[in-house]
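Reading through the structure tokens given below for one structure.
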Amino acid sequence: MQPPVPSLSLCGMAIAICGALAETPYARGEWVDQRTVDVFEIRAEFPLDDEAGQSLLGEFRRLRSDVESTLGIEATDDPIEVNLFANRRNYQKYLSVRVPEGASRVALFVKGSDRGRVYVYRHQGYEVDVRHECTHALLHNSFPYVPLWLDEGFAEYFEVPAPQRATGHSHLGSVHRAMFLRWDPSLSKLESRHDLNEMSGSDYRDSWAWVHYLLHGPIESRQVLSNYLYDIRIGNPAGMLSERLAQEVPGVRSQMTRHFQNLK
Ligand SMILES: [Zn+2]
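Here the sequence shown stands for residues 2 to 265, where the numbers follow our numbering.
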């Protein structure tokens, strides 16, 4: 079963590719470092043995267990290829012949039929892109499909270092500012988005906000999420999470607002 195919993103991308990507030789900027860390098969245009590289490798060691323990799931051992480029020019050149529709993106996740592939180039703070795109890859290794808003909400949630996930994401301040202006994070509106082209910056923030509420809010809401993920996983018709929440968590919208008021 295939989900609606998302195609573009502000901060990354998850697209489904039918068939394995042709693995043509990489003529320029040969990989200078290649490592396997957990399920991640990493190849980089720059050495990873310096302090920054070692720090990044530590993120790869932690990310799968973070996602598994937070969501209460077990991801598969299917390998995820991670391609790290020295600069944007090399990234775009590489993608222009393989995934041309993604070459203009800041970072990319491609769901291939053989494996997931992540493409990121080195720049200030690129670790965020690595965690974001690798979260997409882990989710798509764990579920037959992931609703677009939830896919992006989880990726936004896990993109910051673990100690910042509960209270340190910049979206939190944005939510507080939006609350002054009658914030309306309609989940059914987010669920109507089926293409990343339709996702605005505030949609990303609001997807993150729902994920944050579901993970850190009342136990009843978390249980609804857990049941929803379970149904997706085993192939039960999952329907809309908004409808489940409306049925099972009375006053969920006001609960969500209170959740963020309490985080001030
Ligand atoms: Zn994304």
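Don't be surprised by glycine CBs; every beta carbon is placed ideally from N, CA and C.
Contact between the stretch 209–229 and the stretch 147–154 is established, with three or more Cβ pairs separated by less than 8 angstroms. Exposure of residue 77 is indicated by the presence of fewer than 16 other C-beta atoms within 10 angstroms of its C-beta. One alpha carbon belongs to residue 184, the other to residue 211, and they sit about 13 angstroms apart. For residue 42, the CB contacts under 6 angstroms within the same chain, skipping 5 residues up- and downstream, are 80 and 82 in chain order. Out of 178, 107, 38 and 67, the CA that lies nearest to the CA of residue 57 is found in 38. Exclusion of residue 141 from the 7 angstroms shell around ligand 1 follows from its C-beta lying no nearer than that to any non-hydrogen atom of the ligand. Under a 10 Å Cβ-count criterion, residue 206 is classified as buried, with 16 or more other Cβ atoms of the shown protein chains found around its own Cβ.
Taking all protein chains in view, the Cβ of residue 190 is surrounded by fewer than 16 other Cβ atoms within 10 Å, so the residue is classified as exposed. Taking each of 262, 203, 75 and 244 in turn and checking the Cα distance to residue 235, the smallest one comes out for 75. Of the candidates 161, 89, 238 and 237, the residue whose Cα lies closest to the Cα of residue 213 is 161.
Residue 85 has 45 and 121 as its beta-bridge partners, per DSSP. When the alpha-carbon of residue 202 is set against those of 171, 225, 241 and 223, the nearest one is in 171. Partner residues in a beta bridge of residue 165, as assigned by DSSP, do not exist.
Going by C-alpha positions, residue 159 is about 11 angstroms away from residue 69.
When the alpha-carbon of residue 221 is set against those of 252, 195 and 241, the nearest one is in 252.
The nearest non-hydrogen atom of ligand 1 is 7 angstroms or more from the C-beta of residue 75. Judged by beta-carbon spacing, residue 120 lies beyond the 8 angstroms limit of residue 88, meaning their Cβ atoms are not closer than that value. Between ligand 1 and the CB of residue 137, the shortest heavy atom gap is smaller than 7 angstroms. Taking a 10 Å sphere around the C-beta of residue 130, we find 16 or more other C-beta atoms and assign the residue as buried. Relative to ligand 1, the beta carbon of residue 60 is positioned no closer than 7 angstroms to any heavy atom. Judged by their CB atoms, residue 107 and residue 118 are not nearer to each other than the 8 angstroms cut-off.
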